[in-house]
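So the sequence shown is residues 6 to 120, counted in the numbering used here.
All residues carry an ideal CB built from backbone N, CA and C; glycine is no exception.
What follows is one structure encoded as structure tokens, with my remarks underneath.
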Amino acid sequence: MSTRDAGPGPSDPETIPAERPPVDPASAVPVPDPAPFSGRDGYERRRLTDAARLLPVLAAVLFFLPILWAGQGDGGAAASTARGGLYLFGVWALLIGAARLLSMALARSADGPGA
Numbered sequence: 006m007s008t009r010d011a012g013p014g015p016s017d018p019e020t021i022p023a024e025r026p027p028v029d030p031a032s033a034v035p036v037p038d039p040a041p042f043s044g045r046d047g048y049e050r051r052r053l054t055d056a057a058r059l060l061p062v063l064a065a066v067l068f069f070l071p072i073l074w075a076g077q078g079d080g081g082a083a084a085s086t087a088r089g090g091l092y093l094f095g096v097w098a099l100l101i102g103a104a105r106l107l108s109m110a111l112a113r114s115a116d117g118p119g120a
């Protein structure tokens with residue numbers, strides 16, 4: 006029997022594994038490849054998403070601020086109620102504007118080249 010008839014061997018290209026992942030010698034577990042650099046578009050999208058997630062928390066803090074003002078008014082209950090109502094309306098309008106801007110920026114970044 007010759008070496009040609011013995012079947013596939015170590016020099017046969019079909020039996021040599023292509024590319025092996027790197028192995029950590031201490032644990033003999035394959036080390037995953039590092040994530041590729043996502044670039045500026047991915048970074049900006051993550052920051053916009055973080056800002057959109059933080060907006061309800063900011064809204065809660067701003068809406069509960071008038072509770073801290075209770076009892077500190079010097080002009081009476083009517084003046085503090087009117088001022089508090091105007092404050093809440095203003096905060097509400099600003100939050101709507103901020104949510105609109107964030108949603109437009111997120112939609113624009115989803116349509117961009119990094120999406």
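Can you confirm whether residue i, when its beta carbon is compared against all beta carbons of chain D, has any partner nearer than 7 angstroms?
| i | result |
| --- | --- |
| W97 | You won't find chain D in this structure, because it holds only one protein chain. |
Roughly how many angstroms lie between the CA atoms of residue i and residue j, to the nearest whole one?
| i | j | result |
| --- | --- | --- |
| P61 | F69 | 12 angstroms |
| R52 | G89 | 32 angstroms |
| L106 | G44 | 23 angstroms |
| W97 | P71 | 13 angstroms |
| L101 | A110 | Rather than Leu, the amino acid found at residue 101 in this sequence is Ile. Distance between the alpha carbons of I101 and A110 is about 14 angstroms. |
| A112 | V66 | 27 angstroms |
| Y92 | A104 | 18 angstroms |
| D55 | L99 | 18 angstroms |
| T86 | L59 | 28 angstroms |
| D116 | S108 | 12 angstroms |
| G95 | L63 | 14 angstroms |
| A120 | A57 | In this prediction, A120 scores a pLDDT of 48, lower than 50, which makes its location untrustworthy; the coordinate-derived value is nonetheless stated afterwards. If you take the alpha carbons of A120 and A57, they lie about 18 angstroms apart. |
| E168 | S114 | Outside the shown range of the chain, which is 6 to 120, sits residue 168, and nothing can be said about it. |
The ligand NAP and residue i: does any heavy atom of the ligand fall closer than 6 angstroms to the residue's C-beta?
| i | result |
| --- | --- |
| R52 | Ligands in the displayed structure: none, and consequently the ligand NAP is not present. |
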